[in-house]
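S.K.:
Protein chains in written order, with the working numbering: chain A, 70 to 361; chain B, 6 to 408; chain C, 5 to 239.
1. In or out: residue 71 of chain B buried (at least 16 other Cβ within 10 Å) or exposed?
2. What span of residues does the alpha helix (DSSP H) with residue 262 of chain B cover, start to end?
3. Any chance the region 130-141 of chain A sits against the region 195-212 of chain A, with 3 or more Cβ pairs inside 8 Å?
4. Using Cβ-Cβ distances below 7 Å, what residues of the region 259-270 of chain A are close to chain C?
5. Whether or not the region 170-188 of chain B and the region 35-43 of chain B are in contact is what I'm after, with contact meaning three or more pairs of Cβ atoms, one per stretch, closer than 8 Å; do they touch?
6. Identify the continuous alpha helix (DSSP H) that holds residue 108 of chain A and give its terminal residues.
7. In chain A, what lies closer than 8 Å to residue 33 of chain C by C-beta?
8. How would you label residue 480 of chain B, buried or exposed, when you count the other beta carbons within 10 angstroms and need 16 or more for buried?
9. Return the CA-CA distance between residue 93 of chain A and residue 83 of chain B, expressed in angstroms with no decimal places.
10. Output the distance between the C-alpha atoms of residue 329 of chain B and residue 282 of chain B, rounded to the nearest integer angstrom.
11. Against residue 272 of chain B, what residues of chain A qualify as contacts under a CB-to-CB distance less than 8 Å, listed in chain order?
12. Across the region 121-131 of chain B and the region 303-314 of chain A, are there enough close Cβ pairs to call them in contact, namely three or more that are closer than 8 Å?
13. Can you find a C-beta in chain B that's less than 8 Å from the C-beta of residue 321 of chain A?
14. Just to check my reading of the structure: residue 287 of chain A and residue 186 of chain A have Cβ atoms closer than 8 Å, yes? What is that Cβ distance to the nearest angstrom?
15. Taking Cβ-Cβ distances shorter than 8 Å, what residues in chain A pair up with residue 149 of chain B?
16. Can you list the residues of chain A that residue 327 of chain B reaches, using a CB-CB cut of under 8 Å?
17. Report the option in C/97, C/80, C/138 and C/16 whose CA atom is closest to the CA atom of residue 240 of chain A.
18. For the beta strand (DSSP E) containing residue 207 of chain A, list its first residue and its last residue.
19. Going along chain A, which residues have a C-beta under 8 Å from residue 135 of chain C?
20. Please identify, using Cβ separations under 8 Å, the residues of the region 216-249 of chain A that lie next to chain C, in order along the chain.
21. Curious, which full-length alpha helix (DSSP H) runs of at least 4 residues does the region 92-172 of chain C contain?
22. Name the chain A residues whose beta carbon is nearer than 8 Å to that of residue 52 of chain C?
23. Taking all protein chains shown into account, do 16 or more other C-beta atoms lie within 10 angstroms of the C-beta of residue 206 of chain C, making it buried, or fewer, making it exposed?
24. Against chain B, which members of the region 292-315 of chain A pass a CB distance test of less than 9 Å?
25. Does the beta carbon of residue 99 of chain C come closer than 8 Å to any beta carbon on chain A?
26. Can we say the region 162-170 of chain C touches the region 106-125 of chain C, given the rule of at least three CB pairs closer than 8 Å?
27. Locate the alpha helix (DSSP H) running through residue 41 of chain B, then write down its first and last residues.
28. Given that a residue counts as buried once 16 or more other Cβ atoms are within 10 Å of its Cβ, and exposed if not, what is residue 121 of chain C?
29. Output needed for residue 71 of chain A: all residues of its chain with C-beta closer than 8 Å, excluding positions within five of it in sequence on either side, in chain order.
30. For residue 94 of chain B, would you say it is in contact with chain A, using Cβ-to-Cβ distances shorter than 8 Å as the test?
31. What residue range does the beta strand (DSSP E) around residue 224 of chain C cover?
32. What is the C-beta distance between residue 411 of chain B and residue 202 of chain B, in whole angstroms, given that I count them as a contact (C-beta under 8 Å)?
33. In chain order, what residues of the same chain lie with their CB nearer than 7 Å to the CB of residue 59 of chain C, ignoring the 5 residues before and after it?
34. Is the region 97-115 of chain B close to the region 270-290 of chain B, with three or more CB pairs under 8 Å?
35. Classify residue 307 of chain B as buried or exposed, calling it buried when 16 or more other Cβ atoms lie within 10 Å of its own Cβ.
36. For a cutoff of 8 Å on Cβ pairs, would you count residue 92 of chain C as touching chain A?
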């Protein structure tokens, strides 16, 4: 029972990290209709920025904020430099470019900071909390992960639903030409979508670093699990991304806890294939929304 | 952006996987019938490669054989992406499956090599079906995510079941014994190159057949294709499983060269390098697969010697090749999306037009438009976002033509 | 007032518009008629900046339109209801209207403007929180026109509003256009295949053929000219 509880709790905090990545994938998919394979690597880069600041003696929270801001600008830059020139042509080309970007960013990080993994400090204590007399595998930092990702999702929903800029972004994403005819600067909205996605990726990177082996490649697995989460959630819905993240996290945590860590990707693959067979539109997608 | 009135392409596609029949000025006129034509090209290629292997050293033969093995995997990937519009990030893992299958057969059975290679191909084709059926329900780019997961799964599975797959030590394979006095490296290269030529002929015919037309129809507009009576899911699964089978055969042949298959032999980066090799060579073209295979064999070697000459340090050296392939992906897609083969073909057309004059198109703007259209996508696939059929037309800065 | 002079548009080798000149006065409906491929839609798309012009000019109350981005042209008071109405089906009725009001109205003015649209189109008020995809054809038409006029434009470009609508709804729409131009002094450029309906509200009619204006006259005259109707309008 103790193992089960701890496995589930572990799955929740990991799942929230996947959800953060999935939220970024959803933002990019909504804005420009492509899957961004460099989502994880961009978060890795910004987390290294935070790491450098921390090594230089700057406090955690300033470094945290700088990393998020760096993510915002990195996302905007990537959209303007690499994605914009390819818009309106084959949807495969920008996707291939994001795959190239993934490798290049990892190469850059590896040559600057080395490829050995290292420790990254958590925002709060990683000591398990005490429930009654037993200590469970759920720390203050895990609580912070859960809270941060829920806040991220809530902010995303609120921005889309209630703000003017959110309405512009949705209009631009659903019908670019009609949005232009209503005066929306569509290109700017796409850039903003990428910038916000990369900010979410930066948050995911900061949350994942203390619980993964932090190095140039630590986001690879997180990216594929985040992708699984996003597909499970239907690729367009923030709530779907969060639930997809939780389901993925629980699945791989249970597989890892009971069958062995090497089988975690297989568990995610099986989950993904099973969901696609049963509900191709994802757990939260509507059939119509899935025109990619 | 094209707004083709008939979105279902017929045989006259922008893609001509085996050279362009229209360029007239050749001395040698090849037969029109695809199978015959491909067989002629195969015999010609076989003669050329025979002369090449005779003149090369053992080590160079070894590398030429590896090129043949990679060309098979890349040709399959090229058909998948260039002809059917799907991306795979799992071809390295599929190569691993082919390699492990052939190694297991060698360890446990004493079958003929050809039978072993055929079984390895079939096993990976079957894996292609298992992964391809659910993945076909997503858009072409999303296959990449599913197969990326496969790429991470396979090495860990081999590690998990170490008693079967040999863990980090891996399994060793026995190289085929050469008859008579033939140099073993040369014999191996012949096997690998012969397999590659056979695969090229088969794929060349496939893309010219009604299946190939269905691949392209689905790539260009899956809604229109299904309205035209094409079973979209089945077509995508067929393309992916054929492509997976090629990767399996390529992996099985590659392991004959390396002599060992283990968990480190087929990492995620191999899948990305394969994608890069395919894009560099030119997606959708079979000749491009050979350019890509040459890059896959020689670029890591060059980058190692480059980084030692520049004394970049071991960490940089180890990842320079990966970074080069990643950078190549970006640069090629942005600057020359039809890859080496597409650029060569355009160059050849330009030279032909300049020298003979008669090849110059009667209607320059239309020809230019065709050229630009074929440059849209790797391998000259056509763009397909048509606002009237697609709800998500994303071309804010592009002027769509109407009326 | 819209003043168009020598407007030309080319797609590749195709001359879609060749030196089109006309005026669309305030408070009037100007009907643009012609067969498929005559250049009607291209004309509207050129005016709202969606296609680039090769030559010519267009001014709205003295300010040039050509060469500007669509986003800027909207801000000058041009509203374009594209072919197929351009309702964004994933957004709710209210969100569609908000998007229409966003760029030209101040935050404080938007609520009243949207309520004003609901007063004109009562069925929309009841469905304000529904996605636009759930609307009937007639209701979508209301939403498309409502979204176009919510920000009080000075020029309204309409591309085949009658397409796919029942005759009574078409008649209703034309009545509405008459009101909008007559009462509010709006200048309306109405592209139509439905010649009779268009001529019934228009004060001036243009007939386009292969990118040129072949007739510019009063609607009664166009209606009476049997040759013209047979040649260019197909009835």
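Heads up, the beta-carbon is just placed ideally off N, CA and C, and yes, glycines get one too.
M.R.: Considering the structure as presented:
1. Per the 10 Å Cβ criterion, buried.
2. That run of the alpha helix (DSSP H) goes 237-263.
3. No, because fewer than three Cβ pairs between the region 130-141 of chain A and the region 195-212 of chain A fall closer than 8 Å, the two stretches do not touch.
4. None of the residues of the region 259-270 of chain A has a beta carbon lying less than 7 Å from any beta carbon of chain C.
5. With the cut-off at 8 Å, the region 35-43 of chain B and the region 170-188 of chain B do not touch.
6. Going by DSSP, residue 108 of chain A is part of the alpha helix (DSSP H) stretching over 108-124.
7. Within 8 Å Cβ-Cβ: nothing; residue 33 of chain C doesn't reach chain A, min ~20 Å.
8. Nothing can be reported for residue 480 of chain B, as the shown portion of chain B is limited to 6 through 408.
9. When rounded, the distance between both Cα atoms is 30 Å.
10. C-alpha separation (whole angstroms): 11 Å.
11. Near residue 272 of chain B there are no residues of chain A at all, since even the closest Cβ is about 10 Å away, more than 8 Å.
12. Taking a cut-off of 8 Å for Cβ pairs, the region 121-131 of chain B and the region 303-314 of chain A do not touch, as fewer than three such pairs fall below it.
13. It does not: the Cβ of residue 321 of chain A has no partner Cβ on chain B nearer than 8 Å.
14. Contact flag correct, Cβ pair sits at about 7 Å.
15. The contact set of residue 149 of chain B on chain A, defined by CB atoms closer than 8 Å, consists of 104, 106, 164 and 168 in chain order.
16. Annotation: Cβ neighbours of residue 327 of chain B in chain A (cutoff 8 Å, chain order): 172, 175 and 176.
17. Closest by C-alpha distance to residue 240 of chain A, out of C/97, C/80, C/138 and C/16, is C/97.
18. Per DSSP, residue 207 of chain A belongs to the beta strand (DSSP E) from 203-208.
19. Near residue 135 of chain C there are no residues of chain A at all, since even the closest Cβ is about 11 Å away, more than 8 Å.
20. Hits within the stretch, in order: 233, 236, 237, 239, 240, 243, 244, 246, 247, 248 and 249.
21. Within the region 92-172 of chain C, the complete alpha helix (DSSP H) segments of 4 residues or longer fall at 97-106, 111-124, 126-130 and 141-153, listed in chain order.
22. Neighbours of residue 52 of chain C in chain A, taken as residues whose beta carbon is under 8 Å from its own, are 250 in chain order.
23. Buried.
24. From the region 292-315 of chain A, only 292, 293, 294, 296, 297, 299, 300 and 304 have a Cβ closer than 9 Å to chain B.
25. Judged by the 8 Å Cβ criterion, residue 99 of chain C is in contact with chain A.
26. They do not touch, by the three-pair rule.
27. Per DSSP, residue 41 of chain B belongs to the alpha helix (DSSP H) from 39-60.
28. Buried: at least 16 other Cβ atoms inside 10 Å.
29. 203, listed in sequence order.
30. True, the Cβ-Cβ gap to chain A drops below 8 Å.
31. No beta strand (DSSP E) holds residue 224 of chain C; the alpha helix (DSSP H) holding it covers 223-228.
32. Outside the displayed range of chain B (6 to 408) lies residue 411 of chain B, so it cannot be described from this structure.
33. The answer, listed in chain order, is 10 and 12.
34. Yes, since at least three Cβ pairs between the region 97-115 of chain B and the region 270-290 of chain B fall closer than 8 Å, the two stretches touch.
35. Residue 307 of chain B should be labelled exposed.
36. Yes, residue 92 of chain C counts as interfacial toward chain A.
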